[in-house]
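Here's the structure we're looking at; comments come further down.
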Amino acid sequence: MWVLGIDTSCDDTGVGLVKDGQVVVNLIRSQVALHQAYGGVVPELASREHLKAIRPLAERALAEAGLSPAGLDLVAATRGPGLIGALLVGFTFAKGLAFALDRPFLGIHHLEAHIVAAWPEGLDPPFLALVASGGHTHLFEVLDLGRYRLLGATLDDAAGEAFDKVARLLGLGFPGGPEIERLAEEAEEEAPFAVPLRGQKGLDFSFSGLKTRAVQLLEKGYSKPAIARGFQKAAVAHLQEVLLEAVRRTGHRTLLVAGGVAANRALRAGLEGAGLRVYFPPKGLSQDNGAMVALAAYRRFLKGEPPHPLSLDARAYWPLEEVSHLAGVE
Ligand code: ATP
Ligand code: FE
Numbered sequence: 001m002w003v004l005g006i007d008t009s010c011d012d013t014g015v016g017l018v019k020d021g022q023v024v025v026n027l028i029r030s031q032v033a034l035h036q037a038y039g040g041v042v043p044e045l046a047s048r049e050h051l052k053a054i055r056p057l058a059e060r061a062l063a064e065a066g067l068s069p070a071g072l073d074l075v076a077a078t079r080g081p082g083l084i085g086a087l088l089v090g091f092t093f094a095k096g097l098a099f100a101l102d103r104p105f106l107g108i109h110h111l112e113a114h115i116v117a118a119w120p121e122g123l124d125p126p127f128l129a130l131v132a133s134g135g136h137t138h139l140f141e142v143l144d145l146g147r148y149r150l151l152g153a154t155l156d157d158a159a160g161e162a163f164d165k166v167a168r169l170l171g172l173g174f175p176g177g178p179e180i181e182r183l184a185e186e187a188e189e190e191a192p193f194a195v196p197l198r199g200q201k202g203l204d205f206s207f208s209g210l211k212t213r214a215v216q217l218l219e220k221g222y223s224k225p226a227i228a229r230g231f232q233k234a235a236v237a238h239l240q241e242v243l244l245e246a247v248r249r250t251g252h253r254t255l256l257v258a259g260g261v262a263a264n265r266a267l268r269a270g271l272e273g274a275g276l277r278v279y280f281p282p283k284g285l286s287q288d289n290g291a292m293v294a295l296a297a298y299r300r301f302l303k304g305e306p307p308h309p310l311s312l313d314a315r316a317y318w319p320l321e322e323v324s325h326l327a328g329v330e
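Following full-length UniProt numbering, the numbering of the sequence shown begins with 1 at its first residue and continues without gaps.
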C-alpha cells in the first residue's frame with residue numbers, strides 16, 4: 001500500500017512516499033536561504049514558495065519511487081498547526097490529488113506526525129513523547145494513536161528556537177542547532193550556565209533565560225565555543241531533568257524524542273545513558289518532512305480511520321490533545 005504525505009506547515013516543503021509502512025522517498029525543499037535575509041520566516045513568502053515547489057516535488061517523489069499517481073492508495077497532508085497560508089498549499093494540493101485520483105484523504109496533526117516518526121511499529125502505549133523543535137517543546141503522555149495528554153510545555157521559547165537564537169547571537173548560520181552542536185564539540189572550556197526551572201512543581205520547560213545568559217557571557221568576554229558548549233549542556237540537562245521527573249511521576253520508562261532537536265547528539269547520549277527505553281526518529285525524519293505525515297496516515301488507516309471529507313479545513317491553531325480519536329476507539 002502506497003501513501004503520499006505532504007507537510008507545508010512552516011518553511012519547508014516536504015513530500016514523502018511510504019510503502020507498507022516503510023519510507024521509500026522523503027524529499028524536503030528548504031526555504032532557509034530565502035528567509036535568512038529577513039531574520040525569520042515571512043509567511044507570505046513561505047506560501048508562495050510552497051506553491052512553486054509542491055507540484056514539481058510531488059512529481060519528483062513519484063518518479064524516484066517509479067510510481068505513477070494512479071499507484072497511490074492514500075493521500076495525506078498536514079492539517080495543522082502551522083502558518084495558515086503555508087498549510088493551505090500542501091493541504092489543498094493533497095485534497096485535489098485525492099479527488100482527482102479518487103483515493104481516500106487524511107488530514108494529519110503535525111505533532112502526531114513527529115511522534116509517529118519516532119514510534120517503532122509494535123511498540124504499545126502508554127509511553128512519554130517529547131516534541132522539541134523550532135516551534136514546540138511539548139511533553140505528552142501517549143495513551144494510544146490519537147489519544148494524547150499534555151504533561152508540560154515551554155513557558156517561553158521552544159528548545160530549537162533557543163538554539164537558533166543563541167546561534168544567531170554567536171554569528172552562526174541557521175538552523176542553529178547543528179551549528180551550536182559543532183562549535184560546542186570544538187570548545188576547550190565551558191561557560192557557566194544554570195539549568196532552568198530546577199525544583200519546579202510542574203513538568204514545564206523554559207529556555208529564554210539561557211539566551212539572556214548567553215548575551216551576558218558574550219559581553220563578559222567568554223569565547224563563542226565556550227558559550228555554545230555551556231548553553232548546549234544546560235539546555236540538554238534541562239530537557240533531561242524534566243523528562244526524568246516525568247518518568248518518575250508517570251511510571252512510564254519508555255520515551256520517544258521527536259522534532260528537529262531530537263537530532264542533537266548530546267541529548268541522545270544523555271538520554272541513552274539514563275537507563276530508559278528511548279526512541280529517536282531515524283535519520284532524516286526528525287525535522288519537518290512529508291514521510292512522517294504519510295507514516296501517521298498509514299497507522300491511522302490501518303486502525304480503521306475513515307477517509308476525511310474533502311470539505312475539511314486546515315487549522316493554524318490545533319492543540320494535539322484535541323486531535324480526533326480514531327474511529328472505534330471510544
Ligand atoms: P515545528 O515542528 O514546531 O512547527 P520547525 O519547523 O522548527 O517547527 P523542525 O524542523 O522539527 O520544526 O525543527 C527545527 C528546529 O530543530 C530548529 O530550531 C533547529 O535549530 C533545531 N535543530 C535541528 N538540529 C538540531 C541539533 N542537532 N541540535 C539542536 N537543535 C537542532
Ligand atoms: Fe515540525
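Here a beta-carbon is modelled for each residue, glycine too, at the ideal position from N, C-alpha and C. Everything numeric in this text was worked out from a predicted model, so none of it was measured.
What would DSSP say about residue i, mapped onto helix, strand or coil?
i	result
V329	Here V329 scores only 41 on pLDDT, less than 50, and its place in the model should not be relied on; the value that follows carries that caveat. V329: coil per DSSP, three-state reduction.
D164	helix
K19	strand
V278	strand
residue 338	The chain is shown from 1 up to 330; residue 338 falls before or after that span and cannot be answered.
V25	strand
L101	helix
L255	strand
G221	coil
P319	coil
G14	strand
S47	helix
E64	helix
G176	helix
A118	coil
L197	coil
G134	coil
L88	helix
G96	helix
Using DSSP's beta-bridge definition, name the partner residues of residue i.
i	result
A77	I6 and G107
T212	Paired residues: none, contrary to the question.
E141	L128 and R149
F205	T154
D288	DSSP output for D288 lists no bridge partner at all.
S30	D12
Taking C-alpha atoms, which residue in the options lies nearest to residue i?
i	options	result
L150	L310, A266, R268 and T250	T250
A132	G260, V323, F140 and A294	G260
V75	R315, Y317, S311 and F301	F301
P309	R253, R147 and I108	I108
S286	L111, L62 and L83	L111
T8	V323, G171 and R55	R55
G121	P104, D144 and K211	The question names Gly, yet the displayed sequence has Glu at residue 121. Residue D144 is the option with its Cα nearest to E121.
L326	E190, P104, E64 and A297	A297
G270	E241, A158 and G290	E241
N264	E189, Q200, P43 and E181	E181
A61	V15, L267 and A70	V15
S320	H136, A158, T92 and S47	This sequence places Leu at residue 320; Ser is not what is there. Cα-wise, what sits closest to L320 is H136.
P104	A314, E305 and W318	E305
residue 381	G146, A191 and L34	Missing from the structure shown is residue 381; the chain here goes from 1 to 330 and no further.
A58	G290, S324, K303 and R48	G290
H114	D102, L130, P126 and L101	L130
Is the beta carbon of residue i less than 9 Å from the beta carbon of residue j?
i	j	result
M292	V116	yes
F280	V257	yes
V278	A237	no
A316	L45	no
L239	F205	yes
Q36	F207	no
L17	L67	yes
K95	L295	no
L72	L4	yes
I28	A77	no
G160	G134	yes
K220	A184	no
V23	P307	no
Need the endpoints of the beta strand (DSSP E) that residue i sits in, please.
i	result
L244	Run containing L244: none in the beta strand (DSSP E); it sits in the alpha helix (DSSP H), K224 to T250.
V41	That residue, V41, is in no beta strand (DSSP E); it is neither H nor E in DSSP.
Along the chain, where does the alpha helix (DSSP H) that runs through residue i open and close?
i	result
residue 331	Because the chain spans 1 through 330 in this model, residue 331 falls outside it and cannot be assessed.
L267	R265 to E272
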